[in-house]
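Accompanying notes for the structure given below.
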């Protein structure tokens, strides 16, 4: 680690003559769970350049999307859940394949699909672009408006039937359960939902001395939603209210970027939200995901009775 | 061996030629990057660069650098830059003009706008393969999240979540409201 450019003031910081058992020193409570932190300024943790946190997500709790500037590795101590990881630029590969209602009734977007294929279907989104180009690419706002004027957005202007007809699509989500290890690269956001019947407990380590963290030796968490009025993760963020990234932008800029009205843009900033970073999901959590692999889960898979079992 | 590899290594690449642009929209601007894939010597120095030109009333969609710090130098024109830190605080909201420099730390979200004037810049990034993640647009982080996560995270209806997720189809550059339109929006909000 010293060869990787540890600042001189930190090089003599490791006093390893006596080691202590470390307990979490700070707890940040949220609406549906809590996050416990170990003090990363403790000499032992400072020496090895890591920060550790334990997440306790209650049943039906959702840990809102966040990202870090350091690599992170996590282990599921208890419970089951659903985890989503966002890899920038990757296609939304999870989509509902149920027949869309109202397709027979001439939806405005049918013509476009008929000509070009569904933009979210198949593997060839890139290829499709290469062959035909997206109608809204390279034309700026005018081109986009033109398209909207002619055909409408696939999810707009269709009334109730259109809303039923359009299904969500998103990037990969995975089931996690006790014993799972998962890693996150710097800058890639992730979220976790507790789908089980007991608290989901995850212990996570941030490698803040990793060369990929190009800032200081303070763990920095960036929230994409929610607010944390109690602060957290020590260092620069300790004792400071943590708002989400949208809070720092002018609402008008958000409205322009997302092409939404200013009021909705202000809602993104979650200014009045006191739920913290783990929120309770109201109603069922309807995210497109593959079913659990039951045979894999069963004891028979672990200990096959017949010797022929592979 | 050195003569065939190190000594003959290409060490320069022009990124100001519109014909070389990675993102090009005649009415909005262009963005061109050079990294270790396009200029292998950058792998040794662990640096990369991005050249950008914004036409009047355009914006670079909000984004952050995943694995690099960015040092942005304005080479021409004037633009507005907003930077947000890890606490969600606005740490920079200023007009930037030719000759001025802005440091954008890793992970900090930022947006660049031009109002009326052209804005040109060169960004140096402290990673040979610097990666960005956009917060709005077709390949953005929001687009990759399930609607349920968005609606629960922001306490909004599924229909509103749908708008947030899908309304912006561009990936890098989009139209920014002009001054008159911006004033009109402010008047509406105040009313």
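Chains as they are written, first to last, in this note's numbering: chain C, -4 to 305; chain H, 76 to 266.
Just so you know, even glycine gets a beta-carbon here, dropped at the ideal spot from N, CA and C.
Chain C contact for residue i (CB, 7 Å cutoff)
i                      : result
residue 231 of chain H : yes
residue 161 of chain H : yes
residue 180 of chain H : yes
residue 238 of chain H : yes
residue 252 of chain H : yes
residue 141 of chain H : yes
residue 157 of chain H : yes
residue 224 of chain H : yes
residue 135 of chain H : no
residue 187 of chain H : no
residue 235 of chain H : yes
residue 220 of chain H : yes
residue 169 of chain H : no
residue 124 of chain H : no
residue 216 of chain H : yes
residue 243 of chain H : yes
residue 164 of chain H : yes
Minimum Cβ-Cβ distance from residue i to chain H less than 7 Å
i                      : result
residue 54 of chain C  : no
residue 112 of chain C : Unreliable placement is indicated for residue 112 of chain C, whose pLDDT of 35 sits below 50; the coordinate value is still reported in the next sentence. Not an interface residue.
residue 354 of chain C : In the structure as shown, chain C begins at -4 and stops at 305. Residue 354 of chain C is therefore absent and cannot be evaluated.
residue 122 of chain C : With a pLDDT of only 34 at residue 122 of chain C, under the threshold of 50, the placement of this residue in the model should not be trusted, and no figure is reported.
residue 165 of chain C : yes
residue 126 of chain C : Note that residue 126 of chain C has pLDDT 35, beneath the 50 cutoff, so the model's placement of it is unreliable and the number below is only indicative. False, the Cβ-Cβ gap to chain H never drops below 7 Å.
residue 269 of chain C : no
residue 266 of chain C : no
residue 108 of chain C : With a pLDDT of only 37 at residue 108 of chain C, under the threshold of 50, the placement of this residue in the model should not be trusted, and no figure is reported.
residue 223 of chain C : no
residue 248 of chain C : yes
residue 178 of chain C : no
residue 174 of chain C : no
Beta-carbon contacts of residue i that lie in its chain and below 6 Å, excluding the five residues immediately before and after
i                      : result
residue 182 of chain H : 139
residue 72 of chain C  : 196 and 198
residue 47 of chain C  : 33 and 200
residue 205 of chain C : 65 and 66
residue 222 of chain C : 238, 265 and 268
Residues sharing a beta bridge with residue i, DSSP
i                      : result
residue 154 of chain H : H:171
residue 68 of chain C  : C:178 and C:200
residue 193 of chain H : Paired residue(s): none; residue 193 of chain H is not in a bridge.
residue 238 of chain C : Paired residue(s): none; residue 238 of chain C is not in a bridge.
residue 63 of chain C  : C:216
residue 107 of chain H : H:126
residue 140 of chain H : H:207
residue 200 of chain H : H:123 and H:145
residue 100 of chain H : H:104
residue 249 of chain H : H:134
residue 186 of chain H : H:157
Near the ligand PLP: residue i beta-carbon under 6 Å from a heavy atom
i                      : result
residue 118 of chain H : No copy of the ligand PLP appears in this structure; indeed no ligand is present at all.
Proximal residues to residue i (C-beta, below 8 Å), its chain only, five neighbours per side dropped
i                      : result
residue 75 of chain C  : 170, 171, 172, 173, 189, 190, 191 and 195
residue 202 of chain C : 44, 45, 65, 66, 67, 68 and 208
residue 132 of chain H : 189, 190, 191, 250, 251, 252 and 253
residue 81 of chain H  : none
residue 243 of chain H : 136, 211, 212, 213, 215 and 249
residue 255 of chain C : 249
Own chain partners of residue i with C-beta closer than 7 Å, once the 5 adjacent residues on each side are dropped
i                     : result
residue 93 of chain H : 99 and 105
residue 19 of chain C : 31, 32, 33 and 49
Are the region 176 to 186 of chain C and the region 40 to 55 of chain C touching, with three or more C-beta to C-beta distances below 8 Å?
no
Give me the subset of the region 66 to 79 of chain C whose CB atoms are less than 8 Å from a CB atom of chain H, sorted by chain position.
79
How about the region 124 to 133 of chain H and the region 219 to 232 of chain H: do they share at least three Cβ pairs that are nearer than 8 Å?
no
Can at least three beta-carbon pairs, one atom from the region 175 to 192 of chain H and one from the region 149 to 164 of chain H, be found at a separation below 8 Å?
yes
Below 8 Å, can you find three or more Cβ-Cβ pairs linking the region 190 to 209 of chain H to the region 103 to 123 of chain H?
yes
Along the region 272 to 291 of chain C, what residues have a CB closer than 8 Å to any CB found in chain H?
274, 276, 277, 280, 281, 282 and 283
Residues, ordered as in the chain, of the region 87 to 120 of chain H that lie near chain C by beta-carbon distance below 8 Å
99, 100, 101, 102 and 103
Cβ contact check for the region 164 to 173 of chain C and the region 51 to 64 of chain C: 3 or more pairs under 8 Å
no
Contact list for the region 20 to 48 of chain C against chain H, Cβ threshold 7 Å:
none
Quick one: which residues of the region 198 to 212 of chain H get their C-beta closer than 9 Å to a C-beta of chain B? List them in chain order.
Here the protein chains are C and H, and chain B is not one of them.
For the 8 Å Cβ check, are there 3 or more pairs between the region 13 to 32 of chain C and the region 238 to 258 of chain C?
no
Cβ-based contacts, 8 Å cut-off: residues of the region 193 to 218 of chain C near chain H:
207, 208, 209, 210, 215, 216, 217 and 218
To be precise: take each residue of the region 251 to 262 of chain C, compare its Cβ to all Cβ atoms of chain H, and keep it if any distance is under 7 Å. Which residues remain?
251, 252, 253, 254, 255, 257, 259 and 262
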